[in-house]
Amino acid sequence: MANMLFLITSLMMVSFFMFDKIVAYDPHPLQDICVADLNSTVRVNGLPCKDPSTVKADDFFFSGMDKPGNTTNPIGATFAPVNVRQVPGANTLGLTVARLDFAAGGYLPPHYHPRASEFLMILEGSMEVGMVVPSLGYRLLNKTLNKGDAFVVPVGLVHYQRNKASDGKKTVAFAALNSQNPGLTVLANSVFGANPEISGDLLAEAFRLDAKTVEGLQALRPQ
Ligand SMILES: *[C@@H]1O[C@H](CO)[C@@H](O)[C@H](O)[C@H]1NC(C)=O
Ligand SMILES: *[C@@H]1O[C@H](CO)[C@@H](O)[C@H](O)[C@H]1NC(C)=O
Ligand SMILES: *[C@@H]1O[C@H](CO)[C@@H](O)[C@H](O)[C@H]1NC(C)=O
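Spelled out as structure tokens, the structure:
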């Protein structure tokens, strides 16, 4: 009986994880093109298609990926996505690309994308990328990437990027993600920046911190 229960629980967990994987990806397009009508107020899973007779080449076009991002900000980095918002023709295609700029010392804090894997390629400078794999006992896999190097971060894994260059050189990278809406969850914001706050006593207990430290971290929440 106990064995049976274990088996059922295991099967439920296996099917849960399989199901979870399947729904984590964007659905396949059902037509050649579905250029987003960005003005539509209709709410669907994605964006509705505009009248195909009004489709033009510019719906599939974007210019400006050569423009550096402004890295004068507290993290010294920018992530400029190009997806259906900028290119309506990308609607339903399960694609987002982005330009990343890092000043020397710039970084993207630990975060994950709930709906997309990320392919990263270095165009200029260098970068440390690191990701944590829960199924390997939360092992950190990290690597220094130089110009021409690429790295893949699987969907849902916590990762960070930073430019450790001591020579003051900036880093430029290109990223491709397999969702038109990859999502972004920044761990520190979810935990210490929730609005309203998660109870300090719970956070103190969960993170083995004293109440003062938790208060200090919560006070850093952007207003
Ligand atoms: C959406 O609205 C803007 C501004 O009103 C307009 O220029 C644009 O043509 C509209 N796009 C579509 C697809 O209707
Ligand atoms: C970059 O951003 C900073 C801070 O917002 C601003 O002061 C500065 O003028 C911006 N630089 C450029 C070139 O836009
Ligand atoms: C990887 O992380 C470890 C631990 O934080 C650090 O000591 C090491 O320098 C990092 N490796 C690279 C290639 O950045």
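Here the sequence shown stands for residues -24 to -1, 1 to 199, where the numbers follow mature numbering (1 follows the signal peptide of the UniProt record, and there is no 0).
Glycine included, each C-beta is placed from N, C-alpha and C at the ideal position.
Keep in mind that this is a model prediction, so the values were computed, not measured.
Whole-Å CB distance - residue i paired with residue j, under 8 Å assumed
i, j, result
"G176", "V190", "5 Å"
"V148", "D77", "6 Å"
"A56", "E94", "14 Å between Cβ atoms; not a contact."
"V20", "F37", "Wrong, their Cβ atoms sit about 24 Å apart, outside the cutoff."
"P5", "L69", "6 Å"
"L153", "T72", "4 Å"
Same chain, Cβ closer than 6 Å to residue i, five either side skipped, listed in chain order
i, result
"D186", "none"
"V108", "Y114, L116, V134"
"K146", "A79, G101"
"F183", "none"
"E173", "Q194"
"K32", "none"
"residue 200", "Within the shown structure, residues of the chain are numbered from -24 to 199, placing residue 200 beyond reach of any answer."
"S39", "none"
"P44", "D77"
DSSP bridge partner residues for residue i (one or two, in chain order)
i, result
"Y136", "G106"
"C25", "A12"
"D125", "The partner list for D125 (beta bridge, DSSP) is empty, contrary to what the question assumes."
"M97", "A126, F150"
"V73", "V58, A152"
"F78", "A53, T147"
"V190", "Looking at the DSSP assignment, V190 forms no beta bridge with any residue, so it has no partner."
"L84", "Q137"
"L117", "M107"
"T161", "Y88"
Other residues of its chain near residue i: CB distance less than 8 Å, five sequence neighbours each side excluded
i, result
"G144", "A80"
"I(-17)", "Here the model assigns I(-17) a pLDDT of 48, short of 50, so the residue's position is not dependable, and the following value carries that caveat. Within the same chain, I(-17) has no close Cβ partners at all."
"N67", "C10, V11, A12, G22, L23, C25, V60, Q156"
"L99", "K123, V148, A149, F150"
"residue 200", "Outside the modelled stretch of the chain, which goes from -24 to 199, sits residue 200, for which no answer is possible."
Cβ shell of residue i (< 7 Å), same chain only, five flanking positions each side left out
i, result
"N118", "E104, V105, G106"
"L161", "First, the amino acid is wrong: residue 161 is Thr here, not Leu. So the list reads H87, Y88, P90, once near-sequence residues are dropped."
"E181", "none"
"A126", "F95, L96, M97"
"N46", "T54"
"T120", "S102, E104"
Any non-hydrogen atom of ligand 4 within 8 Å of residue i CB
i, result
"V31", "With respect to small molecules bound, the structure shown includes ligand 1, ligand 2 and ligand 3 and not ligand 4."
Chain-ordered residues, beta carbon under 6 Å from a heavy atom of ligand 2: N46, T48
Residues with C-beta closer than 5 Å to any heavy atom of ligand 3, in chain order: E104, N118, T120
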